[in-house]
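These protein sequence lines are chains A and B, in that order.
Quick note on the numbering used here: the first sequence kicks off at 241 and runs consecutively.
Quick note on the numbering used here: the second sequence kicks off at 349 and runs consecutively.
No residue lacks a Cβ here, since even glycine has one placed at the ideal position from N, Cα and C.
What follows is a single structure, written as structure tokens, with notes after it.
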Amino acid sequence: MSQVPADLQYTKSHEWVRKLDDGTVEIGITDHAQHALGDLVFAEVPDKGRVLAAGEACAVVESVKAASDVYCPVAGEVTAANPELARTPELINQDAFGRGWLLRLKPAGGAAGALLSATEYEALLRAEGS
Amino acid sequence: MGRHTPLYDLHRSQGARLVDFGGWDMPVQYASQIEEHHAVRGAAGVFDVSHMCIIDLSGARTREFLQFLLANDVGKLAHAGKALYSCMLNETGGVIDDLIAYFLGGSDFRLVVNAGTRDKDLQWIRRHAQDFGVAVRERAELAMLAVQGPQARHKSASLLASAERERALALPAFCGAPFAQWFIARTGYTGEDGFEIMLPATQAVQAWLDLNALGVVSCGLGARDTLRLEAGMNLYGNDMNESTHPFESALGWTVALAPAARRFIGREALERVTAAGSARALVGLVLEDRGVLRSHQRVILPDGGTGEITSGTFSPTLERSIALARIPSGPVERVAVDIRGKLLAARAVKPPFVRAGKPLVS
């Protein structure tokens, strides 16, 4: 069973969301997702200032095998993209919930939609048979 | 559920991720596709290729039959054990499949064809074999292991009885020979030295475990794909199919138009192509920008002509993206590739990209 840190929120499409102290949120893909994708060799992250809708394709992660879209869990404006991924996309494999973060954004406000708790996400993984 | 090779349970027990490949549940990777790739370039890896189809042909006119069936000329196979890579074409010169033909001696030959094309290949071969009185026998009771890498031959040979090891190590490139119940050939699909071993299915698990015990790494089809693409080898279904001919698939070297008297299926169509010149060519691309080339991405030439990537990946050896692409014929050095709407710069090169562990392009 993959790691599922209790302090994060999740999506059904295997992204995670971390609330930061400055009111922004950090977004990445889960340990389960990186494991399913295999060795990651490229990540395309959005430019700072881009305004994203919830559910919009906001990044692309590419393993040796295939390219996969990452969907933005919450609406907002991009405040930072992980600069380390340009040279070391394997950080996503090595530390999916930490140094492998993809982007940070300032939430546009309003309800954050249907994010899952860690418990709910674990149940989803079990239901998917992993 | 797909078909299973004799090694299916072992793959599962070794933690392989299984995917459908041509109707078979096959291991795409064990722990890390990139590490498996490097194991083959640097030492040795073993692949389960039992899903490929082994077909034995016998009958007095088998050689004559294959000279009619294949675009390459088995007349080149003078000595028992010698192998030949060839396309099998339809009447319009399209590639039904690519295969290896082994001359087993006397009037016996063996073909190894792709897994995904097994049914249509068998149908086509049987249909034409009738006219030559050739018996066609699928050897479904055999498994096949590809052991590849600079240490592959020595590690594989140590599985043999000591009296047979030297004979195995003395096999020249692209030659095979029987060793008791095994048939071992010095062939492969990785650009490295190595063996392909055909053996009774009942012995496959033990052979795999013995190789593992010697340090040969279990490798999946994912690594097999990056290795073959670095080696500039085509994948049937991606880089050629029934609507493309060998001359637009970088396989002109496998077409034997001499002797002129040899009639083979597709010959007239290919002669028309050579007379007019092939309008398209299959070339190698190296991506200069960051990103990953993938099949079906559009290639744009400096003169505005366009082509398409047929196979693309990240090359673990070169640590950049490489591809094969079908583009209009003619000299070209730089192209652009449309990746998700962005035009990225790539360089056209002549494959292979990597051979015997050495990068051949910068």
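Which of helix, strand or coil DSSP assigns to residue i
i      : result
B/A617 : helix
B/R688 : coil
A/R339 : coil
B/H527 : Note on identity: in this sequence residue 527 of chain B is Phe, with His being the wrong assignment. If DSSP states are grouped into helix, strand and coil, B/F527 belongs with the strands.
A/D287 : coil
B/T550 : helix
B/G632 : strand
A/K252 : coil
B/T658 : strand
B/Q377 : strand
A/P347 : strand
B/P679 : coil
B/F543 : strand
A/E317 : strand
B/L583 : coil
B/P594 : helix
Distance, residue j Cα to residue i Cα
i      : j      : result
B/M436 : B/Q551 : 31 Å
B/L599 : B/I444 : 13 Å
B/I473 : B/F612 : 13 Å
B/H476 : B/F451 : 19 Å
B/G370 : B/G464 : 4 Å
B/S380 : B/R642 : 20 Å
B/R695 : A/E284 : 21 Å
B/A629 : B/I675 : 6 Å
B/D469 : B/M400 : 12 Å
A/R344 : A/E324 : 14 Å
B/N586 : B/A671 : 11 Å
A/T264 : A/P347 : 6 Å
B/R570 : B/A604 : Looking at the sequence shown, residue 570 of chain B is not Arg but Gly. Each residue's Cα considered, the two are about 32 Å apart.
B/Y584 : B/V461 : 10 Å
The beta strand (DSSP E) enclosing residue i, as first and last residue numbers
i      : result
B/A511 : Unbroken run through B/A511 is the alpha helix (DSSP H), S510 to L517; no beta strand (DSSP E).
B/G370 : Per DSSP, B/G370 belongs to no beta strand (DSSP E) and is neither H nor E.
B/E486 : A483 to E486
A/E302 : A297 to S303
B/R646 : R646 to I648
B/S398 : Segment: none, B/S398 is in no beta strand (DSSP E) and carries neither H nor E.
B/L447 : V443 to G453
B/A426 : B/A426 -> no beta strand (DSSP E), and no H or E assigned at all.
A/A273 : No beta strand (DSSP E) contains A/A273, which is instead part of the alpha helix (DSSP H) from D271 to L277.
A/D233 : Residue 233 of chain A lies beyond the stretch modelled for chain A, which goes from 241 to 370, so this question has no answer here.
Cβ-heavy atom distance, residue i to the ligand ADP, below 7 Å
i      : result
B/L432 : Absence of the ligand ADP is noted for the structure shown, with no ligands found whatsoever.
Residue span of the alpha helix (DSSP H) that contains residue i, given as start and end
i      : result
A/A367 : A358 to A367
B/E383 : Q381 to G390
A/A326 : Unbroken run through A/A326: none, as it is neither H nor E.
B/Q415 : T410 to L417
B/L493 : No alpha helix (DSSP H) contains B/L493, which is instead part of the beta strand (DSSP E) from L490 to Q496.
B/D711 : Because chain B is modelled from 349 through 710, residue 711 of chain B falls outside the range shown and cannot be assessed.
- Query: Between the segment 370–398 of chain B and chain A, which residues of the former have CB atoms less than 9 Å from a CB of the latter, in chain order?
  - Reply: V376, Q377, S380, Q381, I382, E383 and H385
- In the segment 281–292 of chain A, which residues sit with their C-beta less than 8 Å from some C-beta in chain C, listed in chain order? Going by chain labels, chain C is absent from the structure shown, which instead holds the protein chains A and B.
- Query: If you measure beta-carbon to beta-carbon, which residues of the segment 300–323 of chain A are closer than 9 Å to chain B?
  - Reply: V300, E302, S303, V304, K305, A306 and A307
- Message: Quick check: the segment 495–513 of chain B against the segment 400–408 of chain B, are at least 3 beta-carbon pairs closer than 8 Å?
- Response: no
- Would you list, in chain order, the members of the segment 323–342 of chain A that have their beta-carbon closer than 9 Å to a beta-carbon of chain B? A326, E330 and N333
- Item | Positions along the segment 637–660 of chain B whose CB lies within less than 8 Å of some CB in chain A | R638, G639, V640 and R642
- Item | Residues in the segment 609–638 of chain B having any Cβ partner in chain A nearer than 8 Å | R638
- Message: Closer than 7 Å between beta carbons: that is the criterion. Which residues of the segment 255–284 of chain A meet it against chain B?
- Response: G278, D279, V281 and F282
- Message: For the segment 464–484 of chain B, list every residue whose C-beta sits within 7 Å of some C-beta in chain A, in sequence order.
- Response: none
- May I ask you to list, following chain order, the residues of the segment 573–585 of chain B that have a beta carbon less than 7 Å from some beta carbon of chain A? T574
- Query: If you pair each beta-carbon of the segment 641–659 of chain B with each one of the segment 672–688 of chain B, do three or more pairs fall below 8 Å?
  - Reply: yes
- Task: Could you run through the segment 520–553 of chain B and flag, in chain order, every residue whose CB is less than 8 Å away from some CB of chain A?
- Result: none
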